[in-house]
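One structure below.
Number of protein chains: 2
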Amino acid sequence: MSQRSRQIPEATVARLPVYLRSLAELVDEKTSTVSSERLAEMAGVNAAKVRKDLSYLGSYGTRGVGYDVEYLLFQMSRELGLTHDWPVAIVGAGNLGSALANYGGFTQRGFPVVAMFDSDRQKVDNLIHGVRVFHTDDLASTASKLGVGIGVIATPASAAQDAADKLVAGGVGSILNFAPTVISVPEGVSLRKVDLALELQILSFYQEHRESSE
Amino acid sequence: MSQRSRQIPEATVARLPVYLRSLAELVDEKTSTVSSERLAEMAGVNAAKVRKDLSYLGSYGTRGVGYDVEYLLFQMSRELGLTHDWPVAIVGAGNLGSALANYGGFTQRGFPVVAMFDSDRQKVDNLIHGVRVFHTDDLASTASKLGVGIGVIATPASAAQDAADKLVAGGVGSILNFAPTVISVPEGVSLRKVDLALELQILSFYQEHRESSE
DNA sequence: GTGATCTTGTGAATACAAGCACTAGCGTCG
DNA sequence: CGACGCTAGTGCTTGTATTCACAAGATCAC
Ligand SMILES: NC(=O)c1ccc[n+]([C@@H]2O[C@H](COP(=O)([O-])OP(=O)(O)OC[C@H]3O[C@@H](n4cnc5c(N)ncnc54)[C@H](O)[C@@H]3O)[C@@H](O)[C@H]2O)c1
Ligand SMILES: NC(=O)c1ccc[n+]([C@@H]2O[C@H](COP(=O)([O-])OP(=O)(O)OC[C@H]3O[C@@H](n4cnc5c(N)ncnc54)[C@H](O)[C@@H]3O)[C@@H](O)[C@H]2O)c1
Numbered sequence: 000m001s002q003r004s005r006q007i008p009e010a011t012v013a014r015l016p017v018y019l020r021s022l023a024e025l026v027d028e029k030t031s032t033v034s035s036e037r038l039a040e041m042a043g044v045n046a047a048k049v050r051k052d053l054s055y056l057g058s059y060g061t062r063g064v065g066y067d068v069e070y071l072l073f074q075m076s077r078e079l080g081l082t083h084d085w086p087v088a089i090v091g092a093g094n095l096g097s098a099l100a101n102y103g104g105f106t107q108r109g110f111p112v113v114a115m116f117d118s119d120r121q122k123v124d125n126l127i128h129g130v131r132v133f134h135t136d137d138l139a140s141t142a143s144k145l146g147v148g149i150g151v152i153a154t155p156a157s158a159a160q161d162a163a164d165k166l167v168a169g170g171v172g173s174i175l176n177f178a179p180t181v182i183s184v185p186e187g188v189s190l191r192k193v194d195l196a197l198e199l200q201i202l203s204f205y206q207e208h209r210e211s212s213e
Numbered sequence: 000m001s002q003r004s005r006q007i008p009e010a011t012v013a014r015l016p017v018y019l020r021s022l023a024e025l026v027d028e029k030t031s032t033v034s035s036e037r038l039a040e041m042a043g044v045n046a047a048k049v050r051k052d053l054s055y056l057g058s059y060g061t062r063g064v065g066y067d068v069e070y071l072l073f074q075m076s077r078e079l080g081l082t083h084d085w086p087v088a089i090v091g092a093g094n095l096g097s098a099l100a101n102y103g104g105f106t107q108r109g110f111p112v113v114a115m116f117d118s119d120r121q122k123v124d125n126l127i128h129g130v131r132v133f134h135t136d137d138l139a140s141t142a143s144k145l146g147v148g149i150g151v152i153a154t155p156a157s158a159a160q161d162a163a164d165k166l167v168a169g170g171v172g173s174i175l176n177f178a179p180t181v182i183s184v185p186e187g188v189s190l191r192k193v194d195l196a197l198e199l200q201i202l203s204f205y206q207e208h209r210e211s212s213e
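Going line by line, the protein sequences match chains Y and W. Under numbering that gives the first Met the number 0, the first residue of the first sequence is numbered 0, with each subsequent residue one higher. Under numbering that gives the first Met the number 0, the first residue of the second sequence is numbered 0, with each subsequent residue one higher.
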């Protein structure tokens, strides 16, 4: 019984960070307890969902009172694996890659960018916001040596699968893909994507359908 | 019966752009027909799902043969509302906003950036990649005048709700939010978000849980 | 203490999505 | 021209997520 195998649903996992941010705001404004209703309002979901989501973490609330903000924040950070840093590597030192490296929000939230990689030798050994650019030939070995946990792909679409393969070879277990293409990774590696064109097209769909029914 | 009210499920809508991209690749390589299986492989989903998704658009396939690539591409573009451009406005002319404006991928896919807005008077009247920056005081009127359909929020989190309100006031029906905060919009306005920190935290969760069970 | 009032935690109901497995229709080959 | 192979379309099953609604526990006032 060493393993608490209470399996947390995917949809819940995706909401935990939103609650986390809300809790951080509450700490800032020195609120010590919060009800599921208040939290729901802040996170933009309904209260029953908040309670069910939080119940997967354990029974950290108090009936009649609510949740202790700091305690819940701590438990949630622990569950999300945010009690320690996750070194991040960015593949592709172009516009997007540089913008991401320059963005302080990463390091600040426990995701320090420890290396960048590019296939363009002109860019190798450059420093971008203090982060050194390595050649992609050395990706696997360097990522492995630096203990990179999360890889960010910011290459053109055509190079994305290759970048993913190299990251996996370097022992990276999680990949965030910004290139507008589907990439595949072996089982046991997490993959998420951020695709602007896709988001805009989804918006376009709903807008089109709304307008045509007016 | 002027309205074909075949309601397309949200999950399907979110996949259509992925199919669309696959179809565009097939056109490039001069493939004229494609089976659900091939398309499924390209889009990274299973074949039954492809068939069901496409069936919401109509019966555009031919049994025993597959789908005509160009015809399906056209029908899907039409359904997604991509047969005409959607003017986009970006609020927040900082690092992210400028990067987005500089990125050609938008205009190229039918989402021309027609205006940017910022509250910083230093930035007003600047041209960023040929796009003029307006003051946020004029947001609603300018957006309305330019017929902006989609608004992109790239301001600090604290200004995001205000930006959304102004966009809505300007008649913008769809909003893509990059600020790491929950914003609310009136019914009838579509809202999607892109949140990097959130994505990283989700990856962190799975990585943490994988490692602890090894 | 007892009753009134909160608010959590959760079983049960409902809604939504995924996937299987079969049927129907097209094309081709013998 | 009939049989066979291929592939779209879809009813049905299964799984997952959301939401409701209420019992159980906590606090407070008196
Ligand atoms: N810039 C944006 O605002 C933006 C927005 C949305 C999506 N994207 C996507 O992000 C990706 C990067 O965009 P960008 O604007 O930074 O492009 P970019 O051309 O500025 O940068 C791409 C970088 O990747 C490098 N590269 C090429 N092949 C490589 C390989 N095999 N291995 C490693 N590095 C390689 C290039 O040398 C270059 O430095 C693209 O897929 C783009 O579609 C960008
Ligand atoms: N830069 C990145 O790589 C990155 C990555 C992820 C998320 N983000 C998020 O995107 C947002 C913008 O990031 P950034 O790096 O561009 O920040 P930034 O500070 O460079 O730019 C913010 C811009 O918004 C403007 N602004 C401030 N208040 C405003 C208001 N009320 N109305 C209109 N404009 C206003 C500022 O003048 C500034 O030009 C932030 O919320 C950030 O968290 C950025």
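The C-beta atom is built at its ideal place from N, Cα and C for all residues, glycine as well. Bear in mind that the values here come from a model prediction, so they are computed numbers and not experimental data.
By DSSP's assignment, Asp117 of chain Y forms a beta bridge with Y:His134.
Residue-level contact check: Arg37 of chain W does not touch chain Y, since none of the beta carbons of chain Y fall below 8 Å from its beta carbon. Taking the beta carbon of Gln206 of chain Y as reference, the chain W residues within 9 Å of it are Gly80, Trp85, Gly148, Ile149, Gly172, Ser173 and Ser189, listed in sequence order.
Scanning W:Arg20, W:Arg131 and W:Thr141 for the CA closest to the CA of Gln121 of chain W turns up W:Arg131.
Residue environment for Asp27 of chain Y: exposed (fewer than 16 other C-beta atoms within 10 angstroms of its C-beta). Not one heavy atom of ligand 2 is found less than 7 Å from the C-beta of Ala153 of chain Y.
Between Leu79 of chain W and Ser203 of chain Y, the beta carbon gap of about 6 Å places them in contact (Cβ cut-off 8 Å). Annotation: Tyr59 of chain Y has no Cβ neighbours in chain W at a cutoff of 7 Å; minimum Cβ distance is about 17 Å.
For the C-beta of Val26 of chain W, not a single chain Y residue is nearer than 9 Å; the gap to the nearest is close to 16 Å.
In its chain, beyond the 5 residues on either side, no residue has a beta carbon closer than 6 Å to the beta carbon of Glu198 of chain W.
Around Ser143 of chain W, the same chain offers Gly169 and Gly170 as residues with beta carbons nearer than 8 Å, after the five sequence neighbours per side are excluded. Apart from the 5 residues on each side of it in sequence, Val49 of chain W sits with its Cβ closer than 6 Å to the Cβ of Ser35, Leu38 and Ala39 in its chain, given in chain order.
At a cut-off of 8 Å between beta carbons, Gln74 of chain W makes no contact with chain Y.
At a beta-carbon threshold of 8 Å, none of the residues of chain Y lie near Ser34 of chain W; the nearest stands roughly 17 Å away. Listed along chain W, the residues sitting closer than 9 Å to Leu95 of chain Y by beta-carbon distance are Ala98 and Tyr102.
Around the Cβ of Pro8 of chain Y, a 10 Å sphere holds fewer than 16 other Cβ atoms; the residue is exposed. Not one heavy atom of ligand 2 sits closer than 7 Å to the Cβ of Val147 of chain W. Distances from the CA of Val12 of chain Y to each of W:Ser76, W:Val33 and W:Ile201 were compared; the closest alpha carbon is that of W:Ile201. Between Gln74 of chain W and the set W:Leu195, W:Tyr59, W:Phe133 and W:Ser183, the nearest pair of CA atoms involves W:Tyr59.
Bridge pairing for Tyr102 of chain Y: absent [DSSP]. Not a single heavy atom of ligand 1 lies less than 7 Å from the C-beta of Ala100 of chain Y.
In the DSSP assignment, Leu190 of chain Y is bridged to Y:Ile174.
Judged by DSSP secondary structure, Tyr55 of chain W falls within the alpha helix (DSSP H) whose first and last residues are Ala46 to Leu56. Per the C-alpha coordinates, the member of W:Ala178, W:Gly146, W:Val188 and W:Glu207 positioned closest to Ala196 of chain W is W:Ala178. Excluding five sequence positions before and after Ser21 of chain W, the CB atoms of its chain that fall closer than 7 Å to its own CB belong to Leu38, Met41 and Ala42, given in chain order. The segment 106 to 120 of chain W makes no contact with the segment 176 to 193 of chain W; the number of CB pairs closer than 8 Å stays below 3. Around Thr154 of chain Y, the same chain offers Val90, Gly91, Ala162 and Ala178 as residues with beta carbons nearer than 7 Å, after the five sequence neighbours per side are excluded.
In the DSSP secondary-structure assignment, Val33 of chain Y is bridged to Y:Tyr66.
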